[in-house]
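In my numbering, the protein residues as written are 6 to 141. Where is the CB? At the ideal position from N, CA and C, for every residue including glycine. Model, not experiment: these values are computed from the prediction. Here's the structure we're looking at; comments come further down.
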Amino acid sequence: MKADCTQMRKTSDGLSSLNHPRAPSQRETSLRIRLRNLWQQLFLEGKMMLRMGSPAPSIKVEDWLRGEPVADLQPGKVYIVEFWATWCELCAAEMLELMQLQEKYKDSGLEVLGIAADEDAPTAVEARTKLDAWLA
């Protein structure tokens, strides 16, 4: 990320957040709140469901839009799971960089899984069309 448009800061609850010059949309704010609540459920309330080295939970996907479906995470592979949305401007740059990273290291076992969070397309076909336009 470019230093002139974003910067990391610590919030009062210990989580890092991004400062960006434009005000977040209502949808972005809603997604941030939901992700923060999930983070608190998984880590901050002492449940520690996910720990370094623990088995990853299965990923249930309604519609697989690109690539081969990943049913199970395989030992020995490295997975980057990125939660994003087509309406998120910052996600575009990150996703393009992750796609380049995957292309560079795919023979070493790296796979990037992009999970479209909070998409509003009513059908998988419309979501695929939005995704293709967004990544072009």
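Between the stretch 87–101 and the stretch 66–78, the count of C-beta pairs closer than 8 angstroms stays below three; the two stretches do not touch. Residue state for Glu87 is assigned as strand, using DSSP reduced to three classes. Put simply, of Ala121, Val66, Lys82, Gly114 the residue whose alpha carbon is nearest the alpha carbon of Met100 is Ala121. Of the candidates Val83, Gln105, Arg133, Pro62, the residue whose Cα lies closest to the Cα of Ser113 is Val83. For Leu115, no alpha helix (DSSP H) encloses it; the enclosing beta strand (DSSP E) starts and ends at 115–121. If you check the CB distance, Ile85 and Val130 do not come in under 7 angstroms. In this model, Glu67 and Pro74 are separated by some 11 angstroms (Cα to Cα). Residue state for Arg133 is assigned as helix, using DSSP reduced to three classes. Bounds of the alpha helix (DSSP H) holding Glu102 are 94–110. In this structure, Leu115 keeps its C-beta atom at 7 angstroms or more from the C-beta atom of Gln105.
Per DSSP, reduced to three states, the secondary structure at Ile64 is coil, with no helix or strand assignment.
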